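Encoded as structure tokens, the structure appears first; notes follow it.
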Amino acid sequence: MSAPYFFRTPIRYMRWAAHEKPAIYYSCIVGALGPVVLAVVPPLRHRFGDLDRPQIPLTYPIPPGPRKVPEGYDD
């Protein structure tokens with residue numbers, strides 16, 4: 001049993017796949033770039049000044065002092 005065609009001549013196989021099955025070929029290329037983007041983009045964002053946004057508050061801020069009772073809504 002011989003080795004698969006891809007492992008004997010990978011460049012030639014990739015050229016064939018780019019012409020004959022471009023959707024599968026380019027989706028594999030974009031998928032392979034995903035981990036690279038995860039490692040490269042965040043440091044570049046920080047270098048260009050795009051800092052992380054402040055965290056969204058999870059509670060309502062309680063104002064200091066006694067609560068003002070609304071007037072004019074008596075039954």
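Residues 1 to 75, numbered by UniProt numbering, are exactly what the sequence shown covers, in order.
Each residue gets a CB set at the ideal place from its N, CA and C atoms; glycine is no exception.
Treat the numbers as computed from the prediction; the structure is a model and nothing was measured.
Beta-carbon spacing of residue i, residue j below 8 Å
i   : j   : result
A32 : Y25 : no
Alpha carbon of residue i to alpha carbon of residue j, nearest angstrom
i   : j   : result
R8  : G34 : 27 Å
D74 : D50 : 52 Å
P63 : G72 : 22 Å
V30 : P70 : 60 Å
A39 : H46 : 13 Å
R15 : L44 : 32 Å
N- and C-terminal bounds of the alpha helix (DSSP H) containing residue i
i   : result
Y25 : P22 to R47
Collapsed DSSP secondary structure at residue i in the structure displayed
i   : result
Y13 : helix
R8  : helix
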